[in-house]
Amino acid sequence: MSRDQVIGVLLVIVGIIGIIIYGWLVFFPPYPKWDLIVLKLTGFVAVGGVLGILAWIGYTLATTPPPKPIEEIEKELEEELKKLEEEVKEEKTTEEGGKKESKEEGK
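Residue numbers for the sequence shown follow the working numbering, beginning at 1184 and rising by one.
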């Protein structure tokens, strides 16, 4: 059994034991009013988790800079494309010039 499978089996066992203990505390509390405390705690953790995620999303939206407008990106891409086309033209002219020189030297 690989390490990941062992961890998976342990998580399943811990989850099942947690469900059993939670059910026992809610439906058959060892002391009076524990069931109410467990339910209140569960509700608080659930609502706190959801609101915490909501707050995190809000913080992320508030602190992240807005993306560049598409027009700016298109302009940058056009400029890069023009530069690449010019470089390709220069390379072709350089190669053609080199071929002509080598032919002339061969004569």
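Built from N, CA and C at the ideal position, the CB exists for glycine as well.
Under three-state DSSP, which class holds Lys1265? helix
Determine the extent of the alpha helix (DSSP H) in which Tyr1242 is found, giving its start and end residues. From DSSP, the alpha helix (DSSP H) with Tyr1242 extends over 1217 to 1246.
In this structure, does DSSP put Phe1211 in helix, strand or coil? coil
For Glu1257 and Leu1264, what's the separation of their Cα atoms in angstroms? If you draw a straight line from the Cα of Glu1257 to the Cα of Leu1264, it comes to about 10 Å.
Verify the CB distance criterion: does Lys1251 have a CB-CB separation below 8 Å to chain C? Protein chains in the displayed structure number just one, and chain C is not present.
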